[in-house]
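For the record, the sequence lines run as chains A and B. Mapped onto my numbering, the consecutive letters of the first sequence carry residue numbers 1123 to 1328. Mapped onto my numbering, the consecutive letters of the second sequence carry residue numbers 1123 to 1328. Data block below; observations after.
Protein chains: 2
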Amino acid sequence: MTTKSAVTDHPIHPLLEARWSPRAFAPTPVAPEQLLSLLEAARWSASGGNVQPWSFLVVPRDDEAAFAQLLGTLVEGNRIWAQHAPLLVLTVAQQQREPGTPNPYALYDLGQAVANLTVQATALGLSVHQLAGFDPEQARGAFAIPENHTPFTVLVIGAQGDPATLPEPLYARELAERTRKPLGSFVFGGAWGQPVSLLEGVTQEG
Amino acid sequence: MTTKSAVTDHPIHPLLEARWSPRAFAPTPVAPEQLLSLLEAARWSASGGNVQPWSFLVVPRDDEAAFAQLLGTLVEGNRIWAQHAPLLVLTVAQQQREPGTPNPYALYDLGQAVANLTVQATALGLSVHQLAGFDPEQARGAFAIPENHTPFTVLVIGAQGDPATLPEPLYARELAERTRKPLGSFVFGGAWGQPVSLLEGVTQEG
Chain A
1123 MTTKSAVTDH
1133 PIHPLLEARW
1143 SPRAFAPTPV
1153 APEQLLSLLE
1163 AARWSASGGN
1173 VQPWSFLVVP
1183 RDDEAAFAQL
1193 LGTLVEGNRI
1203 WAQHAPLLVL
1213 TVAQQQREPG
1223 TPNPYALYDL
1233 GQAVANLTVQ
1243 ATALGLSVHQ
1253 LAGFDPEQAR
1263 GAFAIPENHT
1273 PFTVLVIGAQ
1283 GDPATLPEPL
1293 YARELAERTR
1303 KPLGSFVFGG
1313 AWGQPVSLLE
1323 GVTQEG
Chain B
1123 MTTKSAVTDH
1133 PIHPLLEARW
1143 SPRAFAPTPV
1153 APEQLLSLLE
1163 AARWSASGGN
1173 VQPWSFLVVP
1183 RDDEAAFAQL
1193 LGTLVEGNRI
1203 WAQHAPLLVL
1213 TVAQQQREPG
1223 TPNPYALYDL
1233 GQAVANLTVQ
1243 ATALGLSVHQ
1253 LAGFDPEQAR
1263 GAFAIPENHT
1273 PFTVLVIGAQ
1283 GDPATLPEPL
1293 YARELAERTR
1303 KPLGSFVFGG
1313 AWGQPVSLLE
1323 GVTQEG
């Protein structure tokens, strides 16, 4: 297993440090009790007004017809590696509480639910790679998603595999260093662009 | 401290189980190294194309002018309890990569970053209560947020306080049972509305 723990400037919890998005997945199925824990972690996420505006379409590899359908919505560059993973999950946001009543927090809350699912995955030794590179309208048609719901991302889930199974340039990307903007570039104090005093030493480091 | 751990149907990690959104906060300041870890946890979150479309305006209670300004953007029902917390953070999404180029994943990714910040907070014995009940345009004006960025939520952060300090009906809400939809109502199999076989026993329980 390739570990690419975050190289942090400040300590964070090991589950957050260890999380990253691999492309090489081992074929080992995600066990039913693992999948239930992933979904339960999403279930207990926070949401605006506790409306829980998320749904998940669960497509394990051995559900061959559905797996092929969801895989078929992915752009070629994602399909090439995602096809080997044991589990795909289509995430869906309820952006309309009812027709004509938008919920502007639906995508934000879906993101939170997926982040919590991902923490749970990490705790179980699994990885999650989120994809935006797929055709949501094709997915809507394939899985009969109602009009007031929005297919938003596809989660590729499984245990990490051997990077050597990936073709270039994916192999190189799998081993590349992880990068982030420095804290001082997106954390501000009394006004936008104004440094927080406690980050003053940090901005230079970043 | 009031603990309202989730009553889960399936095991989840203790940090996810323990997280909830209190309204009673102790006045104890969030230490600088704790705040740095919260922000660092957000920093290492996943995002579409790794664009990291989030910013955070950090307003501790002892920054009196800024604290009063941000507090002043909150609706009365939130101000009544949030005023006692030691730390407010305004979250901001970059919904335009540049003017005219929208990033449709900005809110989803901001949600993920906040969820990770919240996991880190829980690990440090702190709680986060997210608010949508505030005036984003007033916050934009008060803190000079640029046009291509969107003030989205306010995070109220600190150690849990004594629920008895809350007026009714907030006191009763602080002690009320936490609830979620059953898994079977938002997790589907081969198509929308179709149960996943592994959840068939679960749906009844919920």
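Note that the Cβ used here is the ideal one computed from N, Cα and C, for glycine as well.
Within the segment 1248-1277 of chain A, those residues whose Cβ lies closer than 7 Å to any Cβ of chain B are, in chain order, Gln1252, Ala1254, Phe1265, Ala1266, Ile1267, Pro1268 and Phe1274.
Serine 1143 of chain B carries a coil assignment under DSSP once its states are collapsed to helix, strand and coil. Along the segment 1174-1196 of chain A, going in chain order, the ones with a CB nearer than 7 Å to a CB of chain B are Gln1174, Trp1176, Ser1177, Phe1178, Leu1179, Val1180, Asp1185 and Ala1188. The Cβ atoms of alanine 1281 of chain A and phenylalanine 1147 of chain A sit closer than 8 Å to each other. Closest by C-alpha distance to serine 1319 of chain B, out of A:Leu1158, A:Pro1144, A:Thr1130 and A:Glu1139, is A:Leu1158. Look at isoleucine 1134 of chain B: its C-beta is under 8 Å from a C-beta on chain A.
DSSP places leucine 1239 of chain A in the helix class (H, G or I) of the three-state scheme.
Using a C-beta cut-off of 8 Å, the segment 1213-1220 of chain B makes no contact with the segment 1205-1212 of chain A, since fewer than three inter-stretch Cβ pairs fall below that distance. Chain-ordered, the chain B residues with CB closer than 8 Å to the CB of lysine 1303 of chain A read Arg1165 and Gln1174. With fewer than 16 other CB atoms across the displayed protein chains lying within 10 angstroms of its CB, glycine 1222 of chain B is exposed. For valine 1152 of chain B, there are no C-beta contacts with chain A under 9 Å, since the nearest C-beta of that chain is about 10 Å from it. Against chain B, the beta carbon of leucine 1209 of chain A has no neighbour under 7 Å; the closest one sits roughly 11 Å away. Nearest in C-alpha terms to proline 1224 of chain B, of all of B:Phe1256, B:Pro1289, B:Arg1145 and B:Val1173, is B:Val1173. Under DSSP, the beta-bridge partners assigned to glutamine 1282 of chain A are A:Phe1147. Residue pairing from DSSP leaves phenylalanine 1274 of chain B without any beta-bridge partner.
Under the 10 Å beta carbon count, proline 1175 of chain A is surrounded by 16 or more other beta carbons and is classified as buried. Using a 10 angstroms sphere on the CB of glutamate 1198 of chain B, the tally of other CB atoms stays under 16, which defines it as exposed. Arg1302, Lys1303, Leu1305, Phe1308, Val1309, Phe1310, Gly1311, Gly1312, Ala1313, Trp1314 and Val1318: these are the residues of the segment 1287-1319 of chain A whose beta carbon lies less than 7 Å from some beta carbon of chain B, given in chain order.
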